[in-house]
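Below is one structure; the comments refer to it alone.
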Amino acid sequence: MGIHVHMPSAHAPSGPGRPESGRKAPGHPDSWWQCAAIYQLYVRSFADGNGDGIGDLAGVRERLPYLASLGIDAIWFNPWYPSPMADAGYDISDYRSIEPVFGTLADADALIAEAHAHGIRIIIDVVPNHASSRHPWFTGALAAAPGSAARERFWFRPGRGVSGELPPNNWQSIFGGPAWTRVTEADGSPGQWYLHLFAPEQPDFNWGSADVRREFEDVLRFWFSRGVDGIRIDSAALLCKDAALPDVSGGERPGPAHPYTDRDDVHSVYQAWRAVADEYGTGGSGGRMLIGEVWLPDAARLARYVGPGELHTVFNFPYLNCPWDAASLRRVIDETLALAEAPATWVLSNHDVDRVVSRYGRPDTAFSLDQRPYFHRFPVDLALGTRRARAAALLTMALPGAVYIYQGEELGLWEVQDIPDELRQDPIWTRTAGADPGRDGSRIPLPWSGTEPPFGFSPAGSPSEPWLPQPKEWRDLTVSAETASPDSMLSLYREALRIRRSSPGLRDGSMTWQPSADGVLAFDRLPGEGAAVRCVANLSAGPVALPPYASVLLASGPLADGSLPPDTTAWLRVG
Ligand code: GLC
Ligand code: CA
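Position in the sequence shown (first residue = 1) + 235 = the numbering used here.
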């Protein structure tokens with residue numbers, strides 16, 4: 236029963252076959268990830284190689300030249316493991332294999348090797364907070380008796396009430412509904428309850444269990460030994476729980492007083508993981524990286540996750556949630572750069588949030604996960620949202636640090652808000668009884684070519700439709716249509732990434748704010764060969780005069796008579 240124990244094989248060398256390292260950043264070891272452009276690849280919706288309407292690794296392998304020509308340095312794969320897909324793969328039943336719908340472990344090995352040959356590194360998602368309810372450890376726990384060692388790996392507790400008919404406490408699932416589900420014991424009687432901070436199909440691991448800790452360290456070695464370069468850690472602040480499982484009042488802040496968010500003991504987990512990553516190299520082209528998905532409002536608490544003994548870096552969610560407003564963005568940028576422990580990351584979107592074109596096309600341009608229904612009530616001005624998304628792309632790619640690009644962002648895809656109810660897949664939709672539309676609208680299969688769905692997502696003549704329907708308007712947003720158009724979002728991303736790649740000073744190093752009018756962000760980067768590059772972003776309602784410049788490197792829209800129109804960003808060579 237349970238998981239086989241994998242002994243680490245010889246560590247992958249950092250020799251031939253591994254991409255060359257980038258240049259050194261001040262104050263940091265020479266590490267590839269600190270100023271990389273990282274493409275977030277959602278396998279299910281990227282490209283379908285075998286015609287079943289679902290993206291797969293064969294599809295990714297065919298399209299690696301596209302990613303190489305886009306100019307990215309690494310790919311982060313959303314979970315690719317065997318999964319019942321109750322939460323799109325974030326419910327993992329085997330951490331050491333590949334979902335059969337996506338391919339095989341041999342496909343993953345080939346993909347890693349081929350990506351490396353293109354100079355592209357691989358980051359995979361590891362989900363340590365919870366397993367699938369079909370994971371052998373959990374099915375084993377269900378079959379075992381209350382109080383058994385098998386149940387100790389999860390959170391099983393008797394219910395409250397006269398006959399245990401009430402959940403052990405009042406915690407709510409992040410996807411809606413109670414965070415506890417009652418099991419039926421082997422003799423058929425109603426039994427204990429188990430904790431799931433997400434869907435019932437995602438039982439939470441007990442990180443007080445030594446088995447759990449050992450298991451995950453071994454899973455990391457399994458993938459690092461196969462050549463994986465980095466790990467994205469899912470729900471990283473939630474792992475440790477107060478074992479007394481007290482009710483929440485709602486007023487607790489994340490931190491040691493919170494029963495399950497950002498508790499202090501979580502750090503010992505990542506200190507151990509860092510030691511594992513460091514077994515494979517600590518920098519240069521062979522260094523292995525850990526990036527945490529940590530949503531915390533408090534910068535000081537966030538800072539505790541990063542540093543030499545812990546995670547290399549974390550996602551910048553304040554930037555992703557920030558409205559299209561100069562003062563707010565400037566504050567977030569400054570706060571990010573003040574977090575000296577971690578090289579900055581810049582994130583405009585991911586598979587959990589609304590696509591950036593839609594977000595910026597609404598009267599309220601902020602975003603937050605728990606207020607999606609509110610944001611969806613606004614009309615979306617796609618032309619405005621697209622113009623701002625272009626300006627935001629250039630602002631973002633001019634900042635020092637690593638930039639994350641969620642697949643389809645480079646095409647300017649919008650959030651699809653009119654998916655027919657019966658096709659929606661996100662558990663958030665069902666668990667909130669439709670009150671929250673969920674995240675399917677950001678996960679629509681990519682349009683590659685042609686003039687009608689499936690837009691080359693599946694091979695021509697495939698029997699199956701894409702797993703979520705694509706808007707017919709995306710005919711103008713296919714990779715081939717945008718490749719042919721110099722004014723497309725794709726051409727802008729390609730050009731920005733090319734310039735960024737060829738000017739090391741645009742990737743790492745420092746930035747210096749320049750005086751600017753209200754609603755305008757202006758800063759200089761020093762690419763090291765004399766003249767500075769100035770990024771000027773106009774978020775105000777009217778045109779602003781451009782500073783004197785030698786040449787325009789790139790602009791997100793047409794410049795008029797030495798002035799920068801609203802919702803436009805320019806990269807200028809100055810001085
Ligand atoms: C993270 C993932 C999200 C998933 C959740 C539960 O927030 O990004 O997609 O549903 O964790 O694993
Ligand atoms: Ca497929």
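Ideal placement from N, C-alpha and C gives every residue a C-beta, glycine not left out.
Can you tell me whether residue i is helix, strand or coil according to DSSP?
i      : result
THR667 : coil
PHE758 : strand
CYS557 : coil
VAL463 : coil
SER693 : coil
LEU658 : helix
PRO413 : strand
ARG279 : helix
LEU799 : strand
GLN606 : helix
GLN407 : strand
SER256 : Per-residue confidence for SER256 stands at a pLDDT of 34, beneath the threshold of 50, marking its modelled position as unreliable; the derived number appears in the next sentence. Three-state DSSP puts SER256 in coil, outside helix and strand.
PHE550 : coil
THR686 : coil
PHE457 : helix
ILE679 : coil
VAL768 : strand
GLY527 : strand
LEU819 : Limits of the chain in this structure are 236 at one end and 810 at the other, which puts residue 819 out of reach.
TYR728 : helix
Is residue i close to ligand 1? I mean its beta-carbon at under 6 Å from any heavy atom of the ligand.
i      : result
ASP322 : yes
PHE391 : no
TYR540 : no
PHE550 : no
TYR641 : no
ASP533 : no
TYR301 : no
SER470 : yes
ASP605 : no
TYR277 : no
ASP587 : yes
PHE281 : no
TYR325 : yes
PHE451 : no
PHE312 : no
PHE610 : no
PRO433 : Checking the sequence, you will find Phe at residue 433 rather than Pro. At least one heavy atom of ligand 1 is nearer than 6 Å to the Cβ of PHE433, so yes.
Is the separation between the beta-carbon of residue i and that of residue j shorter than 7 Å?
i      : j      : result
ILE468 : VAL361 : yes
ARG623 : ASP802 : yes
PHE312 : ILE359 : yes
VAL651 : PRO706 : yes
LEU634 : ALA731 : no
LEU474 : VAL454 : no
GLU576 : GLY542 : yes
VAL278 : PHE373 : no
ARG612 : GLY412 : no
ASP482 : ASN364 : no
ALA376 : PHE389 : yes
ALA766 : GLY797 : no
LEU799 : ALA561 : no
VAL511 : GLU420 : no
SER684 : SER715 : yes
ILE310 : ILE357 : yes
LEU574 : ALA538 : yes
PRO698 : GLN269 : no
THR631 : VAL592 : no
ARG298 : LEU346 : no
LEU703 : PRO682 : no
HIS547 : LEU525 : yes
Taking only beta-carbon atoms, is residue i less than 7 Å away from chain C?
i      : result
GLN275 : Here chain C cannot be found, since the structure has a single protein chain.
Quick check on the contact list: which residues have their beta carbon closer than 6 Å to a heavy atom of ligand 3?
Among the ligands modelled here, namely ligand 1 and ligand 2, ligand 3 does not occur.
So does the segment 714-730 actually touch the segment 742-754, counting three or more Cβ pairs closer than 8 Å?
no
Inset, instruction - Could you pull out every unbroken beta strand (DSSP E) segment of at least 3 residues lying fully inside the segment 419-455, listed in chain order? - result: 425-430
| request: Mind the definition here: the segment 489-498 touches the segment 545-557 only if three or more C-beta pairs lie below 8 Å; say whether that holds. | output: no
Which ranges does the alpha helix (DSSP H) cover as unbroken runs of at least 4 residues, wholly within the segment 308-367, from first to last along the chain? 340-352
Point to revise | the segment 285-302 contacting the segment 649-663, beta-carbon criterion three pairs below 8 Å | key: no
Next on the checklist: Any contact between the segment 321-340 and the segment 428-442? By contact I mean 3 or more CB pairs, one from each, below 8 Å.
Outcome noted: yes
Q.
Check whether the segment 414-433 and the segment 485-494 are in contact - that is, three or more C-beta pairs closer than 8 Å.
A. no
Practice item. Pair every Cβ in the segment 531-550 with every Cβ in the segment 595-613, then say whether three or more of these pairs are closer than 8 Å. Key: no
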